[in-house]
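Residue numbers (UniProt numbering): 1 to 83. What follows is a short report on a single structure.
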Amino acid sequence: MATDKERKLLTARINQLSRKDKEEGLTEEEAIERQKLRKQFLANFKESFRSQVEMMQVFDKSGKEVTPEKVKKIQRDKGLRDD
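Next up, the structure:
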């Protein structure tokens with residue numbers, strides 16, 4: 001998983017290339033770099049989101065846990081649940 005600093009640098013470079021594209025256009029190499037960076041950004045986002053979902057617990061209004069079984073199984077497989 002990417003660190004916060006790596007995510008910020010990645011986002012900054014993507015934004016820099018996007019601004020350049022709007023102002024003067026990108027070279028072929030820059031366009032390829034931007035595409036690779038966007039793919040990396042999306043992969044980081046998906047990994048982070050998946051991790052958040054896997055760590056969640058859901059409770060109803062009465063306080064009963066209603067976490068989906070699929071999530072519970074993932075949590076058990078990762079050693080995050082004892083039940």
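The beta-carbon is built from N, C-alpha and C at its ideal position, and this holds for glycine as well.
Whose C-alpha, out of the options, is nearest the C-alpha of residue i?
i          : options              : result
R13        : E30, E23, G25 and A2 : E30
E54        : E69, K64 and S62     : E69
L37        : L10, T67 and K78     : L10
L42        : K22, R7 and K78      : R7
residue 99 : T67, S51 and K64     : Given that the chain is displayed from residue 1 to residue 83, the structure contains no residue 99 and the question cannot be resolved.
Skipping 5 residues on each side, what residues in its chain have a beta carbon closer than 7 Å to that of residue i?
i   : result
K72 : R81
E47 : M1
CB-CB under 8 Å to residue i, same chain, minus the five flanking residues each way: which ones, in chain order?
i   : result
L26 : L17, K20 and R34
Taking DSSP's pairing of strands, which residues face residue i in a bridge?
i   : result
E65 : F59
If contacts are defined as beta-carbon pairs under 8 Å, then residue i and residue j qualify, I think. What distance do you get, rounded to the angstrom?
i   : j   : result
E65 : Q75 : Their Cβ separation, rounded to whole angstroms, is 11 Å, which puts E65 and Q75 out of contact at 8 Å.
With a threshold of 6 Å on Cβ separation, who are the neighbours of residue i within its own chain once the five nearest residues in sequence on each side are excluded?
i   : result
T67 : Q57 and V58
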